[in-house]
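Structure record follows, encoded as structure tokens.
Number of protein chains: 2
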Amino acid sequence: MEKLTKGEQTRTAILDEALRIARQLGLEGLTIGSLAEATGMSKSGLFAHFGSREDLQLAVLEHGAKQYGEVVLMPALRIDRGLPRLRALFVHWLDWTLQTKLPGGCIMISAAHEYDDRPGPIRDAAVEMQRRGIGVTERAVRLAIEEGHLKKDTDPGQIAFELLGIVLASHNHGKLLGDKEARNRALTAFDALIARHAAPAQPRLRAASR
Amino acid sequence: MEKLTKGEQTRTAILDEALRIARQLGLEGLTIGSLAEATGMSKSGLFAHFGSREDLQLAVLEHGAKQYGEVVLMPALRIDRGLPRLRALFVHWLDWTLQTKLPGGCIMISAAHEYDDRPGPIRDAAVEMQRRGIGVTERAVRLAIEEGHLKKDTDPGQIAFELLGIVLASHNHGKLLGDKEARNRALTAFDALIARHAAPAQPRLRAASR
DNA sequence: TACTTTTACGAACGTTCGTACTATTCTTCG
DNA sequence: CGAAGAATAGTACGAACGTTCGTAAAAGTA
Numbered sequence: 032m033e034k035l036t037k038g039e040q041t042r043t044a045i046l047d048e049a050l051r052i053a054r055q056l057g058l059e060g061l062t063i064g065s066l067a068e069a070t071g072m073s074k075s076g077l078f079a080h081f082g083s084r085e086d087l088q089l090a091v092l093e094h095g096a097k098q099y100g101e102v103v104l105m106p107a108l109r110i111d112r113g114l115p116r117l118r119a120l121f122v123h124w125l126d127w128t129l130q131t132k133l134p135g136g137c138i139m140i141s142a143a144h145e146y147d148d149r150p151g152p153i154r155d156a157a158v159e160m161q162r163r164g165i166g167v168t169e170r171a172v173r174l175a176i177e178e179g180h181l182k183k184d185t186d187p188g189q190i191a192f193e194l195l196g197i198v199l200a201s202h203n204h205g206k207l208l209g210d211k212e213a214r215n216r217a218l219t220a221f222d223a224l225i226a227r228h229a230a231p232a233q234p235r236l237r238a239a240s241r
Numbered sequence: 032m033e034k035l036t037k038g039e040q041t042r043t044a045i046l047d048e049a050l051r052i053a054r055q056l057g058l059e060g061l062t063i064g065s066l067a068e069a070t071g072m073s074k075s076g077l078f079a080h081f082g083s084r085e086d087l088q089l090a091v092l093e094h095g096a097k098q099y100g101e102v103v104l105m106p107a108l109r110i111d112r113g114l115p116r117l118r119a120l121f122v123h124w125l126d127w128t129l130q131t132k133l134p135g136g137c138i139m140i141s142a143a144h145e146y147d148d149r150p151g152p153i154r155d156a157a158v159e160m161q162r163r164g165i166g167v168t169e170r171a172v173r174l175a176i177e178e179g180h181l182k183k184d185t186d187p188g189q190i191a192f193e194l195l196g197i198v199l200a201s202h203n204h205g206k207l208l209g210d211k212e213a214r215n216r217a218l219t220a221f222d223a224l225i226a227r228h229a230a231p232a233q234p235r236l237r238a239a240s241r
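Protein sequence lines, in the order shown, are assigned to chains X and W.
Heads up: the first sequence begins at 32 in the working numbering, then just goes up one per residue.
Heads up: the second sequence begins at 32 in the working numbering, then just goes up one per residue.
This is how it looks when you write it as structure tokens:
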């Protein structure tokens, strides 16, 4: 519906393709020349959409984060708060990084590793995104505590830490080692983590339904 | 003691420097020119030690794996088999990836992410090393089961998976986000994982010592 | 339709990439 | 010491890198 100027829609098309490349080769492996060839544009024509290569890389990162928000975050927010939402968040996140349709995993995880010792704007952006992602997870955990699904002394930071670990291990086992059990292993680990912090079964007042 | 020919010792010196660079910039970020400058050699003189850039990258990877073996694996093998050894293995592994002395984490973890969607000899080598590492962990778990420290139905593969996740999360939190709690979080997660699979206290025959 | 802005192109810049050759210097050992 | 071989430097290459510039085509607006 909303009017999309020509430049904006080519820019989006470029970013789609750039994201595909960056997922496989990393943001540093993304070059203007190869991207121009992949999109069928000239180097200079493509370049004009971004003032510099670094700006292109930043735009790609943001483009990936946006997709992540649409595919992982938003669907989870439609699930009942508390444990169900936390689980949905985790499963969507997991499937997002394990998706085999498009090669290469989550661009944010890629960037995190690629720039963990390479200071600069891209690293800063990656850190900021990671922080936001962790914040989302922690908030979901806190809600689960408030809903009485998790014990009150549960540390949201610790849960977020361990969930990230499970996702990273899945990515490693699934994408690198080709382990078909990666997803199952992740779900097993998730269940165990939750069981460890689950609130004791609370006595229902009146007759419990079912 | 053992006679080291001149070429061999420069080669080692080159690999030391190359490893330092590759840890920060990745194996793909390692270039002949920058490495030559860092070592004070000419491009061609350095190049002669390795037939190609790819061979250099493979050599760097092996160099890193060798260091890993010396720093992580061997010390752990001197600890009592079973749970103590498994813990030592984990802690050394953790500290190895979190070491702040040299920038950049474990080169094998780096390579794993860098090449997870980039087929070729380097990827193959990285996969092989990961497999070996996981094998070592699984073996340590199996010994812990045999020693009666862990429950008999413990799945070594699952433990190795989750331990990898904890290390990866530590790397992420510690190196990227600068979270000083990363190591503590990792140890907490380790203890919880072990507690989950710990064999029930076995009744000691006769009087238990102490 | 005419005018202005946006969008894309082609050519060229200087630099760096990996690699190939040839020449020179240094080790090693009889 | 002096010859043989290993180790390093020098030079050059074609290709690809990111970027700049002037210009042509397309799109949007009046």
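Yeah, the Cβ is synthetic: ideal placement off N, Cα and C, and Gly gets one too.
Keep in mind that this is a model prediction, so the values were computed, not measured.
For residue i, does the three-state DSSP call read helix, strand or coil?
| i | result |
| --- | --- |
| X:Leu58 | coil |
| X:Leu181 | strand |
| X:Ala306 | For residue 306 of chain X there is no data in the structure shown, the boundaries of chain X being 32 and 241. |
| X:Ala239 | The predicted position of X:Ala239 is uncertain, since its pLDDT is 43 and thus under 50; a value taken from the coordinates is nonetheless stated next. Here X:Ala239 sits in coil by DSSP. |
| W:Thr168 | helix |
| X:Met32 | Only weak support exists for where X:Met32 lies, its pLDDT of 41 falling under 50; the value from the coordinates is given anyway. Three-state DSSP puts X:Met32 in coil, outside helix and strand. |
| X:Ser73 | coil |
| W:Arg149 | coil |
| X:Asp210 | coil |
| W:His80 | coil |
| X:Lys37 | helix |
| X:Asp111 | coil |
| X:Leu50 | helix |
| X:Leu66 | helix |
| W:Gly135 | coil |
Determine, for residue i, whether the minimum Cβ-Cβ distance to residues of chain X falls below 8 Å.
| i | result |
| --- | --- |
| W:His94 | no |
| W:Arg227 | yes |
| W:Ala200 | yes |
| W:Ile45 | no |
| W:Leu207 | yes |
| W:Arg216 | yes |
| W:Ala141 | Correcting the residue identity first, residue 141 of chain W is Ser in this sequence and not Ala. W:Ser141 counts as touching chain X. |
| W:Glu177 | no |
| W:Pro134 | yes |
| W:Leu125 | no |
| W:Leu56 | yes |
| W:Phe121 | no |
| W:Gln130 | no |
| W:His80 | no |
Check whether chain W comes within 8 Å of residue i, counting only Cβ atoms and requiring the distance to be less than that.
| i | result |
| --- | --- |
| X:Ala238 | Only weak support exists for where X:Ala238 lies, its pLDDT of 47 falling under 50; the coordinates are left without a value. |
| X:Pro152 | no |
| X:Leu50 | no |
| X:Ala53 | no |
| X:Lys97 | no |
| X:Ser65 | no |
| X:Gln161 | yes |
| X:Phe221 | no |
| X:Asp148 | yes |
| X:Leu195 | yes |
| X:Gly164 | no |
| X:Ala230 | no |
First and last residue of the alpha helix (DSSP H) that includes residue i?
| i | result |
| --- | --- |
| W:Val91 | 84-99 |
| X:Leu125 | 114-129 |
| W:Phe192 | 187-202 |
| W:Pro106 | 105-108 |
Nearest by alpha-carbon distance to residue i: which of the options is it?
| i | options | result |
| --- | --- | --- |
| X:Ala44 | X:Thr70, X:Ser83, X:Gly60 | X:Thr70 |
| W:Gly76 | W:Leu207, W:Ile63, W:Glu85, W:Thr131 | W:Ile63 |
| X:Asp126 | X:Arg154, X:Thr219, X:Thr36, X:Val198 | X:Val198 |
| W:Leu87 | W:Ile110, W:Ala200, W:Pro152 | W:Pro152 |
| W:Ser201 | W:Phe121, W:Leu104, W:Lys182 | W:Phe121 |
| X:Ala107 | X:Ala67, X:Arg149, X:Arg84, X:Val167 | X:Val167 |
| W:Lys182 | W:Pro231, W:Ala191, W:Ile140 | W:Pro231 |
| W:Leu46 | W:Phe81, W:His144, W:Arg214, W:Tyr146 | W:Phe81 |
| W:Asp184 | W:Tyr99, W:Leu58, W:Val103, W:His228 | W:His228 |
| X:Ala191 | X:Trp124, X:Leu208, X:Met72 | X:Trp124 |
| X:Cys137 | X:Pro150, X:Gln161, X:Arg149 | X:Gln161 |
| X:Asp111 | X:Thr219, X:Glu177, X:Gly196 | X:Glu177 |
| X:Leu58 | X:Val102, X:Asp147, X:His180 | X:Asp147 |
Check whether the Cβ of residue i sits closer than 7 Å to any heavy atom of the ligand ATP, and report yes or no.
| i | result |
| --- | --- |
| X:Met72 | Among the ligands in the structure shown, none appear at all, so the ligand ATP cannot be discussed. |
For this session: Answer yes if the region 45-60 of chain X comes into contact with the region 81-100 of chain X, meaning at least three C-beta pairs across the two stretches below 8 Å, and no otherwise.
Result: Contact between the region 81-100 of chain X and the region 45-60 of chain X is established, with three or more Cβ pairs separated by less than 8 Å.
Exercise. Okay, do the region 155-174 of chain W and the region 106-118 of chain W touch, 3+ Cβ pairs below 8 Å being the bar?
Worked result: These segments touch.
Exercise. Does the count of Cβ pairs from the region 215-224 of chain W and the region 36-43 of chain W closer than 8 Å reach three?
Worked result: Not touching, per the Cβ criterion.
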